[in-house]
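Residue numbers (the numbering used here): 1 to 305. The C-beta atom is built at its ideal place from N, Cα and C for all residues, glycine as well. Take a look at the structure below.
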Amino acid sequence: MSIQVTSICKTYNTQKALNQVSFSADKGQVIGFLGPNGAGKSTLMKILTGFIKPDSGTVFVDEINVLQNPTAAQKTIGYLPEHNPLYSDMYVREYLQFQASVYQISELIDVTVKEQIEKCITKVGLTLEADKKINQLSKGYQQRVGLAAAILHNPKVLILDEPTTGLDPNQLLEIRTLIQTLGKEKTVLFSTHIMQEVEAVCDRVIIIKKGVVLIDKTLVELQKNHQQIIKVIFNGKVNASQFQQLELLVSSKDLGNNTWELTFENEEDMRPKLFDFAQEKNITILELSSENKTLESLFTELTSH
1 MSIQVTSICK TYNTQKALNQ VSFSADKGQV IGFLGPNGAG KSTLMKILTG
51 FIKPDSGTVF VDEINVLQNP TAAQKTIGYL PEHNPLYSDM YVREYLQFQA
101 SVYQISELID VTVKEQIEKC ITKVGLTLEA DKKINQLSKG YQQRVGLAAA
151 ILHNPKVLIL DEPTTGLDPN QLLEIRTLIQ TLGKEKTVLF STHIMQEVEA
201 VCDRVIIIKK GVVLIDKTLV ELQKNHQQII KVIFNGKVNA SQFQQLELLV
251 SSKDLGNNTW ELTFENEEDM RPKLFDFAQE KNITILELSS ENKTLESLFT
301 ELTSH
């Protein structure tokens, strides 16, 4: 396992930021750590990177105990914090050279430092910006500088805290693509409060609320758990009990005027079976519309109360 987190707890004063958080991650996974603001995401990121210690629990990154040997663990981790601390008056290449010297990356890579810097510049798409000052760059390109710095020492694990905050739509697409590319060769864990980011980038989702993990599933598993909501208007009265014969029915809601909202488990499109049902009951469907319950609505349901 690239990451193994077991029963992590962290309390600030009387506020429990993390409560028995456990999960593991392998190489090649892009995992979205999703939760509303204040859910405990940033606290977990800081514990994973060895910047703060939990009250209890264990954290291993690349089989290194982060709590016992944070310096060794940090050599295997690339970290982009939410507020990327760049030196804005430096040139891009100059800044990366500075970062390389601070973290002494020469012992962690199999090429020269200069070659590694150029390699990272190319990988994150900064070739045309490398000789500009950081304060001349857009927010999207500044995030690329942060990503380049995070992968300078060729880490096995990449931890990104809200990496798309403040980006415009074009910049969002570019950073998403970059994260997906990096995820093919590393374990990537990134925190966000935006479900669309998870759907666009991740293959696994961990949803956290008030320091507790509510869901830990692959995106495919979550999508299977979607529900189909069908709004249907009949030409006559129908009783709720009549719907019980419909397979995969979760709930039925009478909206009045012979109009019903029917919710089904989304294993298949239920509209054909609904037409069969109407024919069997000798009633006519006057109007029918269908929608799938999205991951966004699932996230809202789980975290809004």
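*F23 and V188: beta carbons closer than 8 Å?*
The sequence position of residue 23 within the sequence shown is 23, counting from 1. The sequence position of residue 188 within the sequence shown is 188, counting from 1. Taking 8 Å as the Cβ cut-off, F23 and V188 do not qualify as a contacting pair.
### Query
Considering only the beta carbon of each residue, do L18 and I31 sit closer than 8 Å?
The sequence position of residue 18 within the sequence shown is 18, counting from 1. The sequence position of residue 31 within the sequence shown is 31, counting from 1. For L18 and I31, no; Cβs fall outside 8 Å.
So does K114 have its beta carbon nearer than 7 Å to some heavy atom of the ligand SAM? Among the ligands in the structure shown, none appear at all, so the ligand SAM cannot be discussed.
Requested in this report: Identify whether S101 lies in helix, strand or coil by the three-state DSSP scheme.
Outcome: Within the sequence shown, numbered from 1, the residue matching residue 101 stands at position 101. In the structure shown, S101 sits in a helix (DSSP, three-state: H, G or I).
Practice problem: In the DSSP assignment, find the unbroken alpha helix (DSSP H) run with E265 in it and report its ends. | Solution: Sequence index remark: in the sequence shown, residue 265 carries index 265 (1-based). From DSSP, E265 is part of no alpha helix (DSSP H) but of the beta strand (DSSP E) over T259 to E265.
Spatial neighbours of A278 within its chain, please: CB distance less than 8 Å, with the 5 preceding and 5 following residues excluded, ordered by chain position. To locate residue 278, count along the sequence shown from 1; it is residue 278. So the list reads F234, T284 and I285, once near-sequence residues are dropped.
C-alpha gap between E199 and L295, whole angstroms = Residue 199 sits at position 199 when you count from the first residue of the sequence shown. Residue 295 sits at position 295 when you count from the first residue of the sequence shown. One C-alpha to the other measures close to 8 Å.
Worksheet item: According to the neighbour-count rule (16 or more other Cβ atoms, all chains shown, within 10 Å of its Cβ), is V102 buried or exposed?
Response: Residue mapping note: residue 102 aligns to position 102 of the sequence shown, counting from 1. Residue environment analysis places V102 among the exposed positions, since fewer than 16 neighbouring C-beta atoms fall within 10 angstroms of its C-beta.
- Message: Short of 8 Å in beta carbon distance, which residues of its chain neighbour L352, apart from the five on each side in sequence? Order them along the chain.
- Response: Since the first residue shown for the chain is 1 and the last is 305, residue 352 is missing from the structure and cannot be characterised.
*Quick one: grab the DSSP three-state call for D161.*
Taking the sequence shown and counting its residues from 1, the one referred to as residue 161 is at position 161. Strand at D161.
**Item:** For Q74 and T49, believed in contact at Cβ under 8 Å, the rounded distance
**Value:** Translated into positions along the sequence shown, residue 49 becomes position 49. Translated into positions along the sequence shown, residue 74 becomes position 74. Sure, about 7 Å apart at Cβ, within 8 Å.
Top-ranked residue by Cα proximity to E280, from V59, M195, L246 and L128:
The residue labelled residue 280 in the question sits at position 280 within the sequence shown. Comparing Cα positions, the closest option is L246.
How would you write the range of the alpha helix (DSSP H) that K139 sits in, first residue to last? By one-based count along the sequence shown, residue 139 stands at place 139. Note, K139: alpha helix (DSSP H), K139 to A150.
Self-check item: Backbone secondary structure at N170 - three-state DSSP
Solution: As a working mapping, residue 170 is identified with position 170 in the sequence shown. Assignment of N170 by DSSP, reduced to helix, strand and coil, places it in the helix class.
Worksheet entry | Supposed close pair L288, F264 - CB separation, criterion 8 Å | The count along the sequence shown starts at 1 and reaches residue 288 at position 288. The count along the sequence shown starts at 1 and reaches residue 264 at position 264. L288 to F264, Cβ: 13 Å. No contact.
*Measure how close the beta-carbons of E82 and D161 come, nearest whole angstrom, since I'm counting them as under 8 Å.*
Residue 82 sits at position 82 when you count from the first residue of the sequence shown. Residue 161 sits at position 161 when you count from the first residue of the sequence shown. Between D161 and E82 the Cβ distance is about 4 Å, and since that is below 8 Å, they are a contact.
Proximal residues to M270 (C-beta, below 7 Å), its chain only, five neighbours per side dropped: Reading the sequence shown from its first residue, position 270 is the one you call residue 270. Closer than 7 Å at Cβ, skipping near neighbours: Q228, I230, L248 and F264.
#### Entry: Length-filtered (3 minimum) beta strand (DSSP E) runs lying within the region 166–236
187–192, 204–209, 212–218 and 227–234
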